[in-house]
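Take 38 as the starting number for the sequence shown in the working numbering and just add one per residue.
Right, one structure below, let's go through it.
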Amino acid sequence: MTELTRDVVEQTLEQVRDALDRNNILAAIDALEKLKQEDQVEVFDELDVEDQAELLPRLDPETAADIVVELDSQDQADIAERVGDAALADILDEMEPDDAADVIGDLPEDRQRRVLAEMEEADDVRPLLIHPDESAGGLMTTSFLTLRPGMTAQDAINALREWNPDDEMPYYLFVADRDRKLAGVVSLRQLLVAPPARLIGDIMNRKVISVPVGADQEEAANLIKKYDFLALPVVDVDNRLVGIITVDDIVDVIEEEATEDVYRLGGVPDEEKVFSPLRFSLRKRLPWLFVNLGTAFLAASVVSLFEATIAQVAILAAMQSIVAGMGGNAATQRVTILVRGLALDEVALKDAWPVIGKEALLGLLQGLAIASIVFIGVALWEQSLPLAAVIGVAMVANLIVAGLAGSAVPFVLKALKVDPALASSVIVTTFTDSCGFAFALGLATLALAYLKV
């Protein structure tokens, strides 16, 4: 956003707030409607939810729908709770069925029934509510034009004109037979250049990639990304066309899934925001800290086995942390790359052994490179070649463990149908901390006679 546009948005926000403080709704609406749609969303999003709920029903339903669609799911739910059934129904009627279903799906069941009863387009929305939010069925829209193989090119163009699609329509149309089974796809270019009497069945592409209605939304996102689709057909178990997923919905999914993976790698709930209530943040974050506390005690128990060694060579208390810390950092690199690769289907379970072997070898090479620096540093710092050798060898060993654990754990969790992003970091860090301490202190114990000289 340019500085000039930002200034306009800030000025409008102040005007809207001032008008609402004076209970002048018309002035607030007038100020908001002077902005472009994208800027209207930004101003609206900055308002308190009480002001949003007061202003939204007074806007033109189409304008209100355009604003609500751009809000995140939590903000949509918050404002839907505060808007009356009739007003909410009018707004939802202006949305695409999939967007309306997303809003309604977050309402209590009794409220869902009341709002649907008020809607004119409820029949388009109801079928979408039976599918989980994070499935292809929950993501698809039922608002699309289906062609028949027996139609002519001119018939298809006439149907397209009568349908009068919005600007989100993709540049191709899907073809289904009389049983609604997916039969092919036709681009708008093919329709325009084909002779008017040419049958759709003769010009359509019969090789159509689709996604099952119950598939996870990530699978749909990966297909659209892989093939650069603008839309993806959704089919049931009998290959009947039940909906389509458009690329604009997939952009939201990619952002949502990426955010979820980043949050989970840090042990943070993906539904938490910067300004979430204190109690909510505490309840969501504290369990993972307890898990980390348990793994910290496990690592500490390893150190406790070598209290006598540390008592005789105190510098080991510092050196062991270097070995463990470098192992944890190296493992985190692997976990991050593997979690991303598994999420985007760049790597599969069948690739486990080659990947683990490569990462173990990489760990060895990294260990040798870093151990050489560590050896020189410790030798100069402590004037002790035996201590430098102990820490150097421990470093090599722990970076090999980092390579093995950092690559193997995500695969194991994936095989167990546990999200690798959820637990990989905790498990792998436990491995590298415990093994790092054990290698450094165990080798030091074996070489204690030389270290004390």
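Each residue gets a CB set at the ideal place from its N, CA and C atoms; glycine is no exception.
Just to confirm, are F476 and A442 a CB contact at a threshold of 8 Å?
no
Are the CB atoms of L260 and L269 within a distance shorter than 8 Å?
yes
Quickly, what does DSSP pair F211 with across the bridge? List them, please.
T183 and V222
When A426, N276 and Q191 are compared against A501, the one with the closest alpha-carbon
Because the chain is modelled from 38 through 490, residue 501 falls outside the range shown and cannot be assessed.
S358 to F474, Cα distance in whole Å?
7 Å
Closest by CA to H168, which one among D135, I194 and E87?
D135
Counted within 10 angstroms of its Cβ, other Cβ atoms place D286 as buried (16 or more) or exposed
buried
Output the residue ranges of the beta strand (DSSP E) runs that lie fully inside the stretch 341-377 and measure 3 residues or longer, sorted by chain position.
none
Quick one: is V250 near chain B, going by C-beta distance under 8 Å?
You won't find chain B in this structure, because it holds only one protein chain.
Please look up how many angstroms separate the CB atoms of S180 and E133, rounded, as I've assumed it's under 8 Å.
6 Å
Specify the secondary structure class of G280 as computed by DSSP and reduced to three states.
strand
Cβ neighbour criterion (16 or more within 10 Å) applied to A452
exposed
Use the C-beta contact count for F327: other C-beta atoms within 10 angstroms, 16 or more gives buried, fewer gives exposed.
exposed
In chain order, which alpha helix (DSSP H) runs of at least 4 residues are fully inside the stretch 66-128?
74-83, 86-92, 98-107 and 110-119
First and last residue of the beta strand (DSSP E) that includes L269?
A268 to V272
When burial is assigned at 16 or more other CB atoms within 10 Å of the CB, is E396 buried or exposed?
buried
Mind listing, in chain order, the continuous alpha helix (DSSP H) runs of no fewer than 4 residues lying wholly within the stretch 404-462?
422-452
Determine the DSSP secondary structure at V384, reduced to helix, strand or coil.
coil
Comparing C-alpha positions only, which one of M156, Q48, V272 and D147 sits nearest to R126?
Note that residue 126 corresponds to Ala in the displayed sequence, not to Arg. Nearest of M156, Q48, V272 and D147 to A126, Cα basis: M156.
Assuming A65 contacts L57 (C-beta within less than 8 Å), just tell me the rounded distance between them.
5 Å
Integer-rounded CB distance, given that G394 should sit under 8 Å from A367
The pair is not a contact, with the Cβ atoms about 16 Å apart (cut-off 8 Å).
Just confirm the distance between the C-beta atoms of V290 and A481, as a whole number of angstroms; I'd bet it's less than 8 Å.
Actually they are not in contact, since the Cβ atoms of V290 and A481 sit about 51 Å apart, beyond 8 Å.
Span separating the alpha-carbon of V372 from that of N435
16 Å
Classify S172 as buried or exposed, calling it buried when 16 or more other Cβ atoms lie within 10 Å of its own Cβ.
buried
Would you say V463 and T332 are within 8 Å of each other, going by their C-beta atoms?
yes
In or out: S444 buried (at least 16 other Cβ within 10 Å) or exposed?
buried
Whose C-alpha, out of A458, P232 and R217, is nearest the C-alpha of N276?
R217
Boundaries of the alpha helix (DSSP H) in which G174 is found, first to last residue:
A173 to L176
With a cut-off of 8 Å, do at least 3 Cβ pairs link the stretch 189-196 to the stretch 223-242?
yes
Which same chain residues end up closer than 7 Å to T39 when comparing Cβ atoms and leaving out the 5 residues on each side of it in sequence?
Bear in mind that a pLDDT of 49 at T39, under 50, signals an unreliable position, so the number given afterwards is only what the model happens to contain. Cβ neighbours of T39 beyond the five flanking positions: none.
Which of helix, strand or coil does DSSP assign to L144?
coil
What's the C-alpha gap between L69 and E87?
17 Å
Nearest-angstrom Cα separation, counted from I374 out to V465:
14 Å
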